[in-house]
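Residue numbers (the working numbering): 117 to 576.
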């Protein structure tokens, strides 16, 4: 009788194990579309059996194992970091590229072309007051074109500052979520195996990877340490170390840790890495080149004009262009309000005849006839073409890299899904197998129950 009861107990235990396994399958199916969720499996342990009845065999429930593959997770996060970086670069460069138009009748090249053409027109009738006024008007158009380009770059820098602040706020928010998950895991050891909590953690880590480069260190207490840039603590256990942006000055944007230490150099990946590169390298370089260009145009035009004489045979008393280099040559370039048509030095000084057009011809030929040292020995047209081409190539490269990273990210996610996601077909097969096992254990229990009743009946 003892063996009957032991076997009956073993059958009941097996039914409970299969019931737990079926619950795990049901949980998988219910969460098949839950972001971050991976397949779970209850392990079953075969208990020892001996013919003398000392060991009755059967099943015992082991731990629930997760199908999560950390290599696949790291691969997804690495590709997400690259995608975030190149996507952000492409988005912001696409806003900057139209500023450097290469259209003949627009922007800086259009204004310069019309400006130097006005000297050619004036050279036909050097003393025509209407044509002299046209030169001044076209000079004002040149100043306006440089001003607008400089303002567009200033606005791009300010927009980048705002985006840096927004991204850092989101990074801190995700870090706070990870801290809360760490707290739950540390307070309740069983929470470490919670599939929902684990999914929540990995969704947060994947989102964080698109924003900034970081590394993680799992801890024995179930928590995870997150290091921004691989060096600066962001989350340690239940402690959160928020990052802060300093974009208040005209100098480089900085990211500071809670102690005020500048960690900008560590943050090279994700959207934040791209924004910092734009703010601290790309935009300042463009501003510097536009300022050099504006200063060169103004300086060389003023120099040629200063070498001629006006209608009265006197050298000009005023410069056509004025600017404040310290405040930004392109931003402050303007035509002197006191400058009039009579101030245009159209003639060359003696022995050239008065009322001539020699100086106007030199001005008309200026953009293409000389290479300027301050413009890396390029002409005006060559320098601007090089500048606009650089922006265009940077955007093209960023878009190409964005597309490549998008494909790599899709492939990494597909690989992760293949090894760890819930397959409804697979779960259906497992469900049938477990149901058969449950039914077999139940049938064993019924058979043992019938045998027990039979034996008891025989003993009466």
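Each residue gets a CB set at the ideal place from its N, CA and C atoms; glycine is no exception.
Can you check whether the CB of residue j is closer than 9 Å to the CB of residue i?
i, j, result
"residue 379", "residue 345", "yes"
"residue 584", "residue 261", "The structure shown does not extend to residue 584, since the chain is modelled only from 117 to 576, so the question has no answer here."
"residue 204", "residue 394", "yes"
"residue 322", "residue 193", "yes"
"residue 476", "residue 462", "yes"
"residue 315", "residue 531", "no"
"residue 294", "residue 328", "no"
"residue 460", "residue 435", "no"
"residue 299", "residue 354", "yes"
"residue 75", "residue 492", "No answer is possible for residue 75: it lies beyond the span of the chain, which begins at 117 and ends at 576."
"residue 441", "residue 490", "no"
"residue 474", "residue 201", "no"
"residue 255", "residue 417", "yes"
"residue 302", "residue 273", "no"
"residue 447", "residue 266", "yes"
"residue 361", "residue 277", "yes"
"residue 213", "residue 507", "yes"
"residue 356", "residue 283", "no"
"residue 330", "residue 342", "yes"
"residue 263", "residue 449", "yes"
On the CB-based measure, 16 or more other CB atoms within 10 Å of its CB, does residue i come out buried or exposed?
i, result
"residue 118", "Bear in mind that the predicted position of residue 118 carries a pLDDT of just 46, short of 50, making it unreliable; the figure below should be weighed with that in mind. Result: exposed."
"residue 145", "exposed"
"residue 516", "exposed"
"residue 563", "exposed"
"residue 570", "exposed"
"residue 633", "The structure shown does not extend to residue 633, since the chain is modelled only from 117 to 576, so the question has no answer here."
"residue 535", "exposed"
"residue 220", "exposed"
"residue 454", "exposed"
"residue 365", "exposed"
"residue 480", "buried"
"residue 140", "buried"
"residue 467", "exposed"
"residue 523", "exposed"
"residue 240", "exposed"
"residue 424", "buried"
"residue 390", "buried"
"residue 234", "buried"
"residue 430", "exposed"
"residue 163", "exposed"
"residue 545", "exposed"
"residue 225", "buried"
"residue 375", "exposed"
"residue 405", "buried"
"residue 414", "buried"
"residue 246", "exposed"
"residue 399", "buried"
"residue 518", "buried"
"residue 373", "buried"
Roughly how far, in whole angstroms, is the beta-carbon of residue i from the beta-carbon of residue j, given that I think they are within contact range, below 8 Å?
i, j, result
"residue 457", "residue 249", "5 Å"
"residue 268", "residue 218", "With 8 Å as the limit, residue 268 and residue 218 do not qualify as a contact, their Cβ atoms being about 15 Å apart."
"residue 502", "residue 496", "Between residue 496 and residue 502 the Cβ distance is about 11 Å, and since that is not below 8 Å, they are no contact."
"residue 514", "residue 209", "6 Å"
"residue 347", "residue 370", "In fact, because the Cβ distance is near 16 Å, the residues do not count as touching under 8 Å."
"residue 311", "residue 153", "6 Å"
"residue 196", "residue 326", "5 Å"
"residue 257", "residue 222", "Actually they are not in contact, since the Cβ atoms of residue 257 and residue 222 sit about 11 Å apart, beyond 8 Å."
"residue 281", "residue 363", "7 Å"
Output the boundary residues of the beta strand (DSSP E) element that contains residue i.
i, result
"residue 276", "Not the beta strand (DSSP E): residue 276 falls in the alpha helix (DSSP H), residues 245 to 303."
"residue 344", "340 to 344"
"residue 348", "348 to 352"
"residue 333", "330 to 334"
Could you tell me the boundaries of the alpha helix (DSSP H) in which residue i lies?
i, result
"residue 208", "186 to 212"
"residue 448", "445 to 448"
"residue 315", "311 to 327"
"residue 457", "It is not in any alpha helix (DSSP H) - residue 457 carries neither H nor E in the DSSP assignment."
"residue 232", "223 to 240"
Which runs of the beta strand (DSSP E), 3 residues or longer, sit entirely within the stretch 354 to 435?
Taking only runs of at least 3 residues, the beta strand (DSSP E) segments lying wholly in the stretch 354 to 435 are 360 to 362, 370 to 372.
What are the complete alpha helix (DSSP H) segments, minimum 4 residues, inside the stretch 461 to 538?
474 to 485, 496 to 536
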